[in-house]
DNA sequence: AAAGCTAATCTAAACGTTTCGATAGAGTCA
DNA sequence: TGACTCTATCGAAACGTTTAGATTAGCTTT
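Right, dumping it as C-alpha cells:
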C-alpha cells in the first residue's frame with residue numbers, strides 16, 4: 024500500500040480510504056490510485072487489516088470425521104453459507120480424539136477466528152471451560168455440552184429413534200438389536216432413551232444384551248453386529264446409530280452368510296445419496312442436513328453481525344424415517360396388531 | 024503480551040523471548056512470566072505474529088465438491104497431514120464454478136495463506152495467471168493446468184480407463200457407453216483417450232454416439248444414461264467418469280426397468296466404502312486416495328520447508344480396477360477370445 | 001473581504017507481535 | 001585494575017493496515 028501511495032503520489036490514508044470507500048476521494052486521485060494498484064498488482068494484506076480492525080472474517084469448524092456422510096453434507100452446507108457471507112472457514116477433523124480437539128480449538132482461537140462451530144468429541148466437561156473462555160461466539164453442532172448454554176442445533180434424537188423402533192415393532196419385530204456409540208455424547212444418550220421408550224411404550228421389556236456400544240467407526244459396527252447375530256436368540260432387526268457403523272454391520276451380515284432383509288432387517292442413522300439405488304435399499308433416519316447446516320451457519324452469522332448478547336438459542340430439528348426395503352414384516356406378528364400405527368409419523 | 028510484561032515486571036521483548044525460547048531467560052524471570060501468563064490467561068495473537076514474521080501457518084485448499092467421495096477422502100487425508108505439521112487448512116468448494124474459484128482463491132491469497140492446493144474447475148487458462156502471480160507455492164491436485172508448470176499430483180487416467188475398458192472387452196462387450204465430464208479439465212481428456220485407445224487396441228472403431236458428456240453431477244449421469252440406454256442398439260456396458268454421475272446412471276437403469284449387471288454392466292471411477300456391501304457391488308476404478316492426499320501434502324510441505332526453487336514435480340499415481348460383480352460376461356464373445364488377456368493388469 | 005462551511009487530503013498513532021542492536025552487570029584474564 | 005567476553009535484559013523499530021483528528025483549499029454567506 025505504501026508503494027501504491029508513492030506511485031500515485033498520495034498518502035497511504037487516501038489509498039486506504041479509496042479502497043474501502045470510507046471517504047470520497049476526488050476523480051483525479053482515484054484514477055491515479057487505481058492505475059497504481061493495477062501496475063503494481065497490489066493486493067490488500069488481510070492479516071494486517073485483521074490485526075488493526077480486530078476481525079478476521081474467518082470461522083473455525085471442527086467435526087469428528089469428514090468422511091461420515093452426515094458431516095460431509097453438513098460441512099458442505101456450512102461452507103457454502105459462509106462463503107456467501109464472505110467468510111473463510113478453517114476446517115479441522117478431530118477423528119473422535121479429545122486431544123486433537125483441544126489442540127485444534129486452541130489453534131483456531133490463536134488464529135483469531137471470529138466464531139467457532141464445534142461438533143464435539145469425547146467427554147463434554149473438558150470442553151466447557153474452553154468454550155466459556157473463548158471470547159468469540161460458539162455454536163454447538165449435533166452434540167451438546169452439559170452445562171454450556173451456547174447456541175446449538177441438534178436433532179430430536181429421541182423422537183427419531185422412537186419412530187424408527189416403533190416402525191420395526193409394527194412390522195412385528197420384537198428382538199431389535201441396537202448398535203450405539205459411547206454415551207459421552209448427547210445424541211447417543213438421547214437415541215438410547217428413544218430406543219428404550221419405544222420398547223416400553225409397546226409393552227416390551229428392555230433387554231441389555233441387545234445393545235452393543237462401539238466407537239462410531241465401521242469396524243465397531245462390524246464387531247457389534249457379529250456379536251448380536253451370534254446370540255442364541257438373535258435379533259430379527261438391527262438399528263445402527265450412525266452410517267459408518269452400518270457399513271460394518273452389513274459386512275457382518277454378509278460374512279455370516281445372512282442377508283438383509285430376509286434374515287435381518289436394518290435401519291441406520293443418516294441418509295446417503297445412493298441409499299435408494301443399491302440393494303438392499305436401506306431404510307434410514309434422514310437428518311435434515313441442509314437445514315442443520317443452514318441454521319448452524321445462520322445462528323453464528325447472527326452473532327457475528329453484532330447480536331452478541333441475545334439469550335442462547337437451542338434449535339432442535341426433526342429427523343425423518345425414509346422407509347425403503349431393508350426391513351421386512353415378520354408374518355407372525357403382522358396380523359396380531361399388538362402395536363398400533365398411531366405412534367408413527369414422520370417429519 | 025504487554026499486560027503479561029507489566030505483570031511480570033519485564034519487557035515485552037523478554038516475554039517474547041521466553042515464549043519462543045529464542046534467548047535464554049533466567050529462572051527468576053521465567054517464573055514470573057509463566058505465572059503472569061497463567062493468571063492473565065494470555066494467548067499469543069497469531070495474527071500479529073503472522074504480520075511480523077510473514078507466515079501464517081495456514082494453507083488454502085479448494086476443491087470442486089466436497090460431497091464427491093473422491094474429494095471427501097482426499098480432503099480428509101490432506102487435512103490430517105497438515106494438522107500433524109501444525110498448519111491450519113482453509114477449505115473452499117467451488118461447486119464447479121469458475122467465478123467461485125476465482126473469488127475463493129483471491130480470498131485465500133488475501134489471507135496470506137502460505138500455500139495453496141487447487142483441484143481446479145472450468146477452463147484452465149483462466150487459472151494460469153492467478154497461479155503464476157500467487158507468490159506462494161501451489162500444488163495442483165487431480166487436475167492440471169495447461170502451461171502451468173507447478174507441482175502436481177494426478178492419476179494415470181489413461182491407463183486406468185484403458186484397463187477398465189479392456190476388462191469389459193474381455194468380457195465380450197463391444198458397445199460400451201461412456202459418460203464423461205467436459206473436456207476442459209485434464210482428467211476427462213486423458214480418460215477419453217484411454218477409452219478410445221482401448222477400443223482401437225482391440226481393433227474396434229470408435230463410435231461417437233456412445234459417449235455422452237455431462238457436468239459431473241448426478242443429474243447429468245442420469246440423463247446421459249437415459250440417452251445411451253434409449254439408443255436403438257443400446258450399449259451392453261457403461262463406464263462413468265465419476266462417482267456422482269454413476270449414481271444418476273444407476274437410477275436411470277432402475278427407472279427404465281433394466282437391471283445391472285443382467286442388462287447392462289457398469290463400471291465407475293472412484294471407489295467408495297460400501298461398494299462391496301450393497302448390490303450390485305460396483306466394479307470401480309479406485310484412485311489411491313490416501314497416497315494422493317499424502318503426496319499432495321508432502322509436496323507442499325516440502326516447499327513450505329524452504330525448498331522453494333527446486334524444479335517442479337509431477338507425480339502420477341496408478342488407479343486400480345476393483346473387480347466386483349457389476350459386469351457380466353457376454354456369452355457370445357467370451358469364447359471367441361478376440362481380446363487377449365495380456366493387456367489387463369491392475370495396480 | 002472576512003468568517004464560516006464543506007470536502008478532500010494528510011499526519012501520526014495505533015493493532016500485538018518479533019527482532020536487531022544497545023546496555024548493563026558479572027565473570028575472566030593478564 | 002582495566003580490558004575483555006559472556007549472559008541476560010531491554011528499547012525501539014518494524015510488519016501493513018485503519019482511523020481519529022488536523023490541515024488545507026475552495027466555496028458560501030453576510
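Residue numbers (this note's numbering), protein chains in the order written: chain W, 24 to 370; chain E, 24 to 370. Glycine residues also receive a C-beta, built at the ideal position from the N, C-alpha and C atoms. All figures in this text were calculated on a predicted structure; none of them were measured in a lab.
Annotation for residue 106(E): no beta strand (DSSP E) segment contains it, though the alpha helix (DSSP H) segment containing it runs 92–107. When secondary structure is reduced to three states using DSSP, residue 290(W) falls in the strand class. Closer than 7 Å to the CB of residue 282(E) there is not a single CB belonging to chain W. Interface annotation, residue 114(E): in contact with chain W, CB-CB separation under 7 Å.
Taking 7 Å as the threshold, the shortest C-beta distance from residue 134(W) to chain E falls below it.
Shown here, residue 306(W) sits in a strand according to DSSP, grouped into three states. In summary, the residues of the stretch 136–157 of chain W whose CB is separated from some CB of chain E by less than 9 Å are 156, in the order they occur in the chain. For residue 308(W) and residue 240(E), the gap between their C-alpha atoms comes out near 24 Å. It is roughly 60 Å from the alpha-carbon of residue 344(E) to the alpha-carbon of residue 55(W). Within the stretch 218–246 of chain W, those residues whose Cβ lies closer than 9 Å to any Cβ of chain E are, in chain order, 241.
Of the other Cβ atoms in all chains shown, 16 or more fall within 10 Å of the Cβ of residue 310(E); this residue is therefore buried.
Among the residues of the stretch 65–81 of chain E, those with a Cβ less than 8 Å away from any Cβ of chain W are 66, 67, 68, 69, 70, 71, 73, 74, 79 and 81, in the order of the chain. Residue contact with chain E for residue 102(W): present (Cβ-Cβ distance below 7 Å to some residue of chain E). Contact of residue 278(E) with chain W by beta-carbon distance below 8 Å is absent, the smallest such distance being about 10 Å. Inter-residue distance for residue 69(E) and residue 181(E) is about 45 Å (C-alpha atoms, whole angstroms). When rounded, the separation of the alpha-carbon atoms in residue 318(E) and residue 212(E) is 23 Å. Under the three-pair Cβ rule at 8 Å, the stretch 148–166 of chain E counts as touching the stretch 319–336 of chain E. Among the residues facing chain W, residue 99(E) is included, as its CB has a counterpart in that chain under 7 Å away. For residue 30(W), the uninterrupted alpha helix (DSSP H) segment begins and ends at 25–31.
Judged by DSSP in its simplified three-state form, residue 235(E) adopts strand.
For the pair residue 271(E) and residue 31(W), the Cα-to-Cα distance works out to about 56 Å.
The beta carbon of residue 346(E) sits no closer than 7 Å to any beta carbon of chain W. By the CB criterion at 7 Å, residue 135(W) and residue 79(W) fall inside the cutoff.
Residues of the stretch 80–96 of chain E whose Cβ lies closer than 9 Å to any Cβ of chain W, in chain order: 80, 81, 83, 84, 88, 89, 90, 92, 95 and 96. The C-beta distance from residue 90(E) to residue 96(W) rounds to 6 Å, short enough to fall under 8 Å. Inclusion of residue 324(W) and residue 111(W) in the CB contact set at 7 Å is not warranted, their separation being larger than that value.
Here residue 211(W) carries a helix assignment [DSSP, helix/strand/coil]. Inside the stretch 102–171 of chain E, DSSP marks whole alpha helix (DSSP H) runs of 4 or more residues at positions 121–133 and 148–156, from first to last along the chain. By a beta-carbon distance limit of 8 Å, residue 347(E) contacts residue 306(E). Their separation comes to about 5 Å.
For the C-beta of residue 111(W), the chain E residues within less than 8 Å are, from N- to C-terminus, 113, 115, 130, 131 and 134.
Taking the CA atoms as reference points, residue 53(W) sits about 9 Å from residue 37(W). For residue 270(E), the nearest CB of chain W lies under 7 Å from its own CB, placing it at the interface with that chain.
Within chain E, the residues 270, 273, 274 and 277 have their CB atoms less than 8 Å from the CB of residue 300(W), given in chain order.
At a C-beta separation below 9 Å, residue 296(E) has these neighbours in chain W: 90, 241, 267 and 270. Within chain E, 115, 116, 123 and 127 have C-beta atoms less than 8 Å from the C-beta of residue 106(W), given in sequence order. Taking 7 Å as the cut-off, the beta carbon of residue 340(W) is found closer than this to the beta carbon of residue 314(W).
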